[in-house]
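> Numbering (the working numbering), first residue to last: 55 to 196.
Here a beta-carbon is modelled for each residue, glycine too, at the ideal position from N, C-alpha and C.
Bear in mind that the values here come from a model prediction, so they are computed numbers and not experimental data.
Once you've had a glance at the structure underneath, I'll fire off some questions.
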C-alpha cells in the first residue's frame, strides 16, 4: 500500500515538474487623462471588466447638477438616437463627430488601442458650453 502511494506521488510530481505555464496576461485598466472642468467634482467611478481590459467611466457634477461623463474602453452606442451636430477639434488637431441637442452633447473618438472608444457626454450644457468644457478638460484647444 505504501509503495503504491509513493509511486503515485512520484508519478504526479514527474507530470508537474517539467510543465511550464503561460503567465496570465494582466488586463489593461483604461486610463482617462483630463482636467476636471471648473466647478465640477467627481462622483463614484465605474469600472467594467472585459476579458482583455477594464473600461472606465468617470462622472463629474457641479452645484447646478450639470454632468460630465468621460468614457474609455466601454463599447456601445454612446449618444445613440441623438442627431448629428457637426464636429469638434481635439487638441491633437483631429476633428471628431458630435451628436446632441439642447443640453445633451456627446463626442466619441478612437485612439486605435484596446481602450477605444473614448467619449465625453455632457448633460445640462449648451453646445458652446460643451466645447468650452472640452477645452477646460484639455481635450480641445481653447
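Where residue 170 and residue 179 are concerned, what is the direct C-alpha to C-alpha distance, given to the nearest angstrom?
Going by the C-alpha atoms only, they are around 25 angstroms apart.
> Tell me which residues share the same chain as residue 103 and place their Cβ nearer than 6 angstroms to its Cβ, disregarding the 5 neighbours each side in the sequence.
If we look at residue 103 and ignore the five residues flanking it on each side, it has no Cβ neighbours.
> Looking at the secondary structure, which residues open and close the alpha helix (DSSP H) in which residue 182 lies?
From DSSP, the alpha helix (DSSP H) with residue 182 extends over 181 to 190.
> Using C-beta distances below 6 angstroms, list every residue in its chain close to residue 158, excluding the 5 sequence neighbours before and after it, in chain order.
These residues qualify, in order along the chain: 177.
> Going by C-alpha to C-alpha distance, which of 106, 155, 93 and 86 sits closest to residue 135?
Measuring from the Cα of residue 135, the nearest candidate turns out to be 155.
> What's the gap between the Cα of residue 147 and the Cα of residue 166?
Going from the Cα of residue 147 to the Cα of residue 166 covers about 16 angstroms.
> Quick one: measure Cβ to Cβ for residue 125 and residue 173, integer angstroms, because I've assumed they're closer than 8 angstroms.
Between residue 173 and residue 125 the Cβ distance is about 4 angstroms, and since that is below 8 angstroms, they are a contact.
> Compare the beta carbon distance of residue 114 and residue 193 with 8 angstroms and say whether it is the shorter of the two.
The answer is no: Cβ separation not under 8 angstroms.
> Between which two residues does the beta strand (DSSP E) holding residue 125 run?
Looking at the DSSP string, the run of the beta strand (DSSP E) that includes residue 125 is 121 to 126.
> Can you find the residues in the same chain that come closer than 8 angstroms, C-beta to C-beta, to residue 85, ignoring five residues on each side of it along the sequence?
Same-chain partners within the cutoff: 110, 126 and 169.
> Taking the Cβ atom as the reference point for each residue, do residue 96 and residue 112 lie within a distance shorter than 8 angstroms?
Yes, they are a contact pair.
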